[in-house]
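Note that the protein sequences, when read in sequence, are chains A and B.
Per the numbering used here, residue 429 is the first one in the first sequence, and the count goes up by one each step.
Per the numbering used here, residue 36 is the first one in the second sequence, and the count goes up by one each step.
Every residue gets a Cβ at the ideal spot worked out from N, C-alpha and C, and that includes glycine.
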Amino acid sequence: MVKHYSEQLDRTFFAISDPTRRAIIGNLAAKGTCSVLELAEPFKMSLPAISKHLKLLESANLITREVKGRVHYLKLRAEPMSEANDWLSGYSKFWINQLDSLERFLMEDSSGEENADSDHNK
Amino acid sequence: MLTAITTNKTASSLKIQRTVSASVERVYKAWTDPEQMRRWFGCQYVTGIKVVQNLSVGGQYQVQMTTDPDGVVITVHGVYQEVIPNAKLVYTWNSDSVEYPAADTMICVQFIARGQGTEIVLEHTNFALEKSVEGHSLGWTASFNKITEFVQAAI
Numbered sequence: 429m430v431k432h433y434s435e436q437l438d439r440t441f442f443a444i445s446d447p448t449r450r451a452i453i454g455n456l457a458a459k460g461t462c463s464v465l466e467l468a469e470p471f472k473m474s475l476p477a478i479s480k481h482l483k484l485l486e487s488a489n490l491i492t493r494e495v496k497g498r499v500h501y502l503k504l505r506a507e508p509m510s511e512a513n514d515w516l517s518g519y520s521k522f523w524i525n526q527l528d529s530l531e532r533f534l535m536e537d538s539s540g541e542e543n544a545d546s547d548h549n550k
Numbered sequence: 036m037l038t039a040i041t042t043n044k045t046a047s048s049l050k051i052q053r054t055v056s057a058s059v060e061r062v063y064k065a066w067t068d069p070e071q072m073r074r075w076f077g078c079q080y081v082t083g084i085k086v087v088q089n090l091s092v093g094g095q096y097q098v099q100m101t102t103d104p105d106g107v108v109i110t111v112h113g114v115y116q117e118v119i120p121n122a123k124l125v126y127t128w129n130s131d132s133v134e135y136p137a138a139d140t141m142i143c144v145q146f147i148a149r150g151q152g153t154e155i156v157l158e159h160t161n162f163a164l165e166k167s168v169e170g171h172s173l174g175w176t177a178s179f180n181k182i183t184e185f186v187q188a189a190i
């Protein structure tokens with residue numbers, strides 16, 4: 429399918445569509461910088477499984493990784509999340525306009541009230 | 036006129052409520068009947084609306100709009116997941132609009148009788164991909180509120 433919008437937005441929404449990844453993001457949001465081990469701790473999952481989620485979040489640009497010796501530290505990036513918020517603000521506007529338009533139609537076409545159950549309104 | 040709009044949004048979905056002075060049957064018909072959809076869908080900035088409507092579970096819909104005055108054609112389409120006449124619709128929503136893009140998002144709209152009027156409760160969720168796989172069980176946990184706080188603090 430051709431996607432006419434930001435690939436980043438797509439990746440952001442896909443990344444946060446998984447409960448484990450949302451929990452990881454939540455923990456990072458609460459704690460700031462975390463090591464991989466710290467992030468893995470609340471989950472009953474193998475380290476490789478957590479690693480896979482972290483890699484996906486990383487490729488979606490939602491987190492950044494810093495390597496200090498043998499420890500990998502992860503940190504949340506705010507920009508993609510605020511882009512996601514912008515998308516929602518845009519759609520709020522879209523739906524409010526749609527409902528305004530629907531309401532205008534319902535008011536103008538009040539003859540439809542008695543014909544609501546018929547197949548065709550004239 | 037009964038008009039109340041509330042917009043609640045988290046970083047994942049938005050919810051809009053509006054009460055209109057028309058019966059549930061009337062509003063449902065305006066929302067779903069191709070002839071009536073053509074008369075309000077896409078606001079005043081579009082001309083030449085074409086509607087393909089298969090209003091049943093698994094059925095597809097497509098709305099094609101030509102924008103005024105630049106003549107760009109925008110297509111919105113999706114598949115019905117739940118159809119309860121005069122009560123509730125759940126459907127996927129895809130749009131190739133540059134201004135309002137969407138790929139595999141999910142709409143849930145409910146029509147609730149409020150006296151002589153109808154309350155429309157519309158929820159738009161940004162992703163349907165894993166949602167349908169997981170059987171609509173995506174409950175947003177407390178962790179998500181933290182994300183929203185984080186994002187708001189960071190902006």
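Taking residue i as the query, report the chain A residues whose CB atoms sit under 8 Å from its CB, ordered along the chain.
{"i": "B/His112", "result": "Those do not exist, as B/His112 stays about 11 Å from chain A at its closest Cβ, beyond 8 Å."}
{"i": "B/Arg74", "result": "Phe533, Asp537"}
Might you give, ordered along the chain, the residues of its own chain that have their beta carbon closer than 8 Å to the beta carbon of residue i, omitting 5 neighbours on each side?
{"i": "A/Leu467", "result": "Ile452, Asn455, Leu456, Ile478, Leu482, Leu502"}
{"i": "A/Met535", "result": "none"}
{"i": "B/Thr140", "result": "Thr127, Trp128, Asn129, His159, Thr160, Asn161, Phe162, Ala163"}
{"i": "A/Phe522", "result": "none"}
Using a Cβ-based criterion (distance less than 7 Å to any ligand heavy atom), does residue i qualify as near the ligand PLP?
{"i": "B/Ile147", "result": "Ligands displayed in this structure: none; no statement on the ligand PLP is therefore possible."}
By Cβ distance, which residues of its chain are closer than 6 Å to residue i, with the 5 residues on each side in sequence left out?
{"i": "B/Gln95", "result": "Asn89, Val114"}
{"i": "B/Met72", "result": "Val86"}
{"i": "B/Glu117", "result": "Val125"}
{"i": "A/Phe442", "result": "none"}
{"i": "A/Ile444", "result": "Arg450"}
{"i": "B/Glu165", "result": "Model confidence at B/Glu165 stands at a pLDDT of 37, short of 50, so the residue's coordinates are unreliable; what they give is reported in the following sentence. Hits under 6 Å: none found."}
{"i": "B/Thr67", "result": "Leu90"}
{"i": "B/Cys22", "result": "The structure shown does not extend to residue 22 of chain B, since chain B spans only 36 to 190, so no value can be given for it."}
{"i": "A/Ile491", "result": "Leu485, Leu502, Leu504"}
Between the Cα of residue i and the Cα atoms of the options, which residue gives the shortest distance?
{"i": "B/Tyr80", "options": "B/Val87, B/Thr102, B/Met72, B/Val92", "result": "B/Thr102"}
{"i": "B/Gly83", "options": "B/Val107, B/Trp66, B/Lys64", "result": "B/Val107"}
{"i": "B/Val98", "options": "B/His112, B/Thr67, B/Gln52, B/Ile142", "result": "B/His112"}
{"i": "B/Gly77", "options": "B/Val62, B/Ile109, B/Leu157", "result": "B/Ile109"}
{"i": "A/Leu485", "options": "A/Arg532, A/Asp528, A/Phe522, A/Arg449", "result": "A/Arg449"}
{"i": "B/Ser130", "options": "A/Tyr519, A/Phe533, A/Ile524", "result": "A/Tyr519"}
{"i": "A/Thr440", "options": "A/Leu475, A/Glu531, A/Leu465, A/Arg505", "result": "A/Arg505"}
{"i": "A/Ser529", "options": "B/Ser48, B/Val62, B/Leu49", "result": "B/Val62"}
{"i": "A/Ala447", "options": "A/Ala458, A/Phe471, A/Ser463", "result": "Sequence check: residue 447 of chain A is Pro here, not Ala. For the residues A/Ala458, A/Phe471, A/Ser463, the minimum Cα distance to A/Pro447 belongs to A/Phe471."}
{"i": "A/Glu531", "options": "B/Ala137, B/Ser56, B/Pro69", "result": "B/Ser56"}
{"i": "B/Met100", "options": "B/Leu49, B/Ala138, B/Ser132, B/Gly93", "result": "B/Ser132"}
{"i": "B/Phe146", "options": "B/Leu157, B/Leu49, B/Ala138", "result": "B/Leu157"}
{"i": "A/Gly460", "options": "A/Pro476, A/Arg493, A/Met473", "result": "A/Arg493"}
{"i": "A/Asn525", "options": "B/Ile142, B/Trp75, B/Ala65, B/Ser48", "result": "B/Trp75"}
{"i": "B/Lys50", "options": "A/Leu475, A/Ser487, A/Leu527", "result": "A/Leu527"}
{"i": "B/Pro136", "options": "A/Phe533, A/Leu475, A/Ser517", "result": "A/Ser517"}
{"i": "A/Phe533", "options": "B/Pro104, B/Ala65, B/Ala138", "result": "B/Ala65"}
Could you list which residues in chain A have their beta carbon closer than 9 Å to that of residue i, in chain order?
{"i": "B/Ala148", "result": "The contacting residues do not exist; B/Ala148 stays about 13 Å from chain A at best."}
{"i": "B/Ile228", "result": "Outside the shown range of chain B, which is 36 to 190, sits residue 228 of chain B, and nothing can be said about it."}
Please return the same chain residues whose Cβ sits closer than 7 Å to the Cβ of residue i, not counting the five positions on each side in sequence.
{"i": "A/Gln436", "result": "Asn489, Pro508, Glu511"}
{"i": "A/Trp515", "result": "Leu437"}
{"i": "B/Glu134", "result": "none"}
{"i": "B/Ser167", "result": "Per-residue confidence for B/Ser167 stands at a pLDDT of 33, beneath the threshold of 50, marking its modelled position as unreliable; the derived number appears in the next sentence. So the list is empty, once near-sequence residues are dropped."}
{"i": "A/Ser463", "result": "Val499, His500, Tyr501"}
{"i": "B/Ser91", "result": "Tyr115, Val118"}
{"i": "B/Ser58", "result": "Thr153"}
Note down, in chain order, every chain B residue with its Cβ under 7 Å from the Cβ of residue i.
{"i": "A/Tyr519", "result": "Leu49, Tyr135, His159"}
{"i": "A/Leu502", "result": "The premise fails here: A/Leu502 is roughly 14 Å from chain B at the closest Cβ pair, so nothing lies under 7 Å."}
If the cut is a Cβ gap below 7 Å, which residues of chain A does residue i touch?
{"i": "B/Ala155", "result": "In the sequence as displayed, the identity of residue 155 of chain B is Ile instead of Ala. Going along chain A in sequence order, the residues near B/Ile155 (Cβ under 7 Å) are Leu527."}
Interface residues of chain B around residue i at Cβ under 9 Å?
{"i": "A/Leu530", "result": "Arg53, Val55, Val62, Ala65, Trp66, Trp75, Phe76, Ile155"}
{"i": "A/Leu482", "result": "None at all; the shortest Cβ gap to chain B is about 16 Å."}
Which chain B residues are close to residue i, counting only those with a beta carbon under 8 Å from its beta carbon?
{"i": "A/Leu467", "result": "Within 8 Å Cβ-Cβ: nothing; A/Leu467 doesn't reach chain B, min ~12 Å."}
{"i": "A/Leu485", "result": "Within 8 Å Cβ-Cβ: nothing; A/Leu485 doesn't reach chain B, min ~12 Å."}
At the 8 Å Cβ level, is residue i part of the contact set with chain E, yes or no?
{"i": "A/Lys483", "result": "Included in the structure are the protein chains A and B, with no chain E among them."}
Review point. Is the stretch 119-138 of chain B in contact with the stretch 490-502 of chain A, if contact means three or more CB pairs nearer than 8 Å?
Key: Result no; under three Cβ-Cβ pairs closer than 8 Å.
Exercise for review: Note down, one range per segment and in chain order, each beta strand (DSSP E) of at least 3 residues found wholly within the stretch 42-126 of chain B.
Suggested key: Complete beta strand (DSSP E) runs here, min 3: 48-55, 81-88, 95-102, 108-119.
Practice item. Please go through the stretch 430-499 of chain A and give each complete beta strand (DSSP E) segment of 3 or more residues, from N-terminal end onward. Key: The qualifying runs are 491-496.
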